[in-house]
Amino acid sequence: MKKLFMVITALAIVQCTISQTQNNITSEDKLDIKINKNIELLGLAYFIGFEGVDIENKTVKIQGETIPKKEWHNYGYQLYLKYKPFATSNNLEKSFSVANHLWLDYLTAFLLQVGDVPNAELSPEIDKGYYLNFSKSKDSIAARKNAEIFLEGLNAFAKEIDLEDYLTDSKVYYESAIQEIADGLLDNNFIVSMEKFYGESFDQYVLVPSLTIPKGMGFGIKILRDTNTSVFSVFGALGIQDFDDEDNLEMGFAYEKELMELSIHEFGHSFVNPVVAQLPDSLFTSTEHLFEPLRKKMEAQGYNTWKSCVYEHFVRAGEILIAEKLGNLDAAERLRLDYLERRKFNHIPLIIKELKVYDSGVYSSYCETVERAMIALSKI
29 MKKLFMVITA LAIVQCTISQ TQNNITSEDK LDIKINKNIE LLGLAYFIGF EGVDIENKTV
89 KIQGETIPKK EWHNYGYQLY LKYKPFATSN NLEKSFSVAN HLWLDYLTAF LLQVGDVPNA
149 ELSPEIDKGY YLNFSKSKDS IAARKNAEIF LEGLNAFAKE IDLEDYLTDS KVYYESAIQE
209 IADGLLDNNF IVSMEKFYGE SFDQYVLVPS LTIPKGMGFG IKILRDTNTS VFSVFGALGI
269 QDFDDEDNLE MGFAYEKELM ELSIHEFGHS FVNPVVAQLP DSLFTSTEHL FEPLRKKMEA
329 QGYNTWKSCV YEHFVRAGEI LIAEKLGNLD AAERLRLDYL ERRKFNHIPL IIKELKVYDS
389 GVYSSYCETV ERAMIALSKI
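So in our numbering, the last one in the sequence shown is 408, and the numbering has no gaps at all.
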């Protein structure tokens, strides 16, 4: 079970077909904020199974200051104290016995497509790509059976812990979280900028805030249903939480700058990852030598392969240019310095150079730009 609960970063679940288009580019009525019951259960299970274990004896560094980890994750810590007796639940063990090789991003994408627990079912309409990894050998029949076992365990666990009671009792906290986000993203012009820049548009952009997923975690996910494509940003709180006084709640989402940057980053994966995923294997092979000098720093951030490192380079390079387009020049420079100096995404400058050529109209598509950038990286 511990394997499942690795601290990871967002990797979008991607579709194999890419559509590059400049049509129907608008953000009107596209942005939504939704709490997802399944995600709250998954986050709670994660917290009691991993994040909360020995939390009293751990510290974290926040903006240069070292503080007790239980204080930073204070909402999650209260949940941990309440629900830790269920960490050894037979239902939870049943569920994750077939999923201990999967990461949270994959499970999140899967759970966004099934009904709400305790009645979640694997419908025939769900593309097998969203549950195929439940089988280590990618056997579709075995994968479906394991995915159903996973859901059966979660459904029973939801009843066991009275998830409905928790959500009812916590309603005021979730309403406050949604309001903080709505107030912080009054202007969703960033979606227009992203669509115009990447030459792609989606039908819906959904922010899925979570009070159970730990702060700092985020997942960018893309889901195609029939002809409708929705992209999701699933994320935990961004800052200090104060929930002792229900008349003066701070649920950790009222951080406008951080919220905007996180949204651009997580939604960015849905634009970028499908393009990078379709590159010829030869381009990854010819550039893989660039990973070794970065490996230690990348692995510390959860990027354990060169391909995941490539995804992040292109997403973060795009973030910088989107910030510039939005007129946030200070933010663009801060991001550039942070990604280069602290996080060591050393190849962002080359990628930005190619992206600016693309933005000037020289290259025909974002796909062509990514390929040209990878060819340039292979010559380093």
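Where a beta carbon is used, it is the ideal one built from N, C-alpha and C, also for glycine.
Tell me the DSSP secondary structure of residue i in three-state form.
i, result
"residue 249", "strand"
"residue 410", "Residue 410 is absent from the structure shown; the chain starts at 29 and stops at 408."
"residue 270", "strand"
"residue 126", "coil"
"residue 390", "coil"
"residue 49", "Caution applies to residue 49, whose pLDDT of 35 falls short of 50 and renders its modelled position unreliable; the model cannot decide the point."
"residue 237", "strand"
"residue 149", "coil"
"residue 408", "coil"
"residue 69", "helix"
"residue 165", "coil"
So if DSSP puts residue i in a beta bridge, which residue, or which two residues, is it bridged to?
i, result
"residue 89", "94"
"residue 232", "258"
"residue 278", "270"
Any idea if residue i is buried or exposed, counting beta-carbon neighbours within 10 angstroms, 16 or more meaning buried?
i, result
"residue 370", "exposed"
"residue 67", "buried"
"residue 97", "buried"
"residue 3", "With the chain covering 29 to 408 only, the question about residue 3 has no answer from this structure."
"residue 377", "exposed"
"residue 237", "buried"
"residue 250", "buried"
"residue 91", "exposed"
"residue 405", "buried"
"residue 390", "exposed"
"residue 302", "buried"
"residue 93", "exposed"
"residue 328", "exposed"
"residue 242", "buried"
"residue 208", "buried"
From which residue to which residue does the alpha helix (DSSP H) around residue i run?
i, result
"residue 258", "Looking at the DSSP string, residue 258 is not in any alpha helix (DSSP H); the run it does join, the beta strand (DSSP E), is 256-263."
"residue 106", "102-111"
"residue 189", "Looking at the DSSP string, residue 189 is not in any alpha helix (DSSP H), and its letter there is neither H nor E."
"residue 155", "It is not in any alpha helix (DSSP H) - residue 155 carries neither H nor E in the DSSP assignment."
From which residue to which residue does the beta strand (DSSP E) around residue i run?
i, result
"residue 379", "Taken as a continuous stretch (DSSP letters only), residue 379 belongs to no beta strand (DSSP E), being part of the alpha helix (DSSP H) at 376-387."
"residue 302", "Here residue 302 belongs to no beta strand (DSSP E); instead the alpha helix (DSSP H) covers 284-305."
"residue 329", "Note, residue 329: premise wrong, no beta strand (DSSP E); not H, not E."
"residue 61", "59-61"
"residue 81", "Per DSSP, residue 81 belongs to no beta strand (DSSP E) and is neither H nor E."
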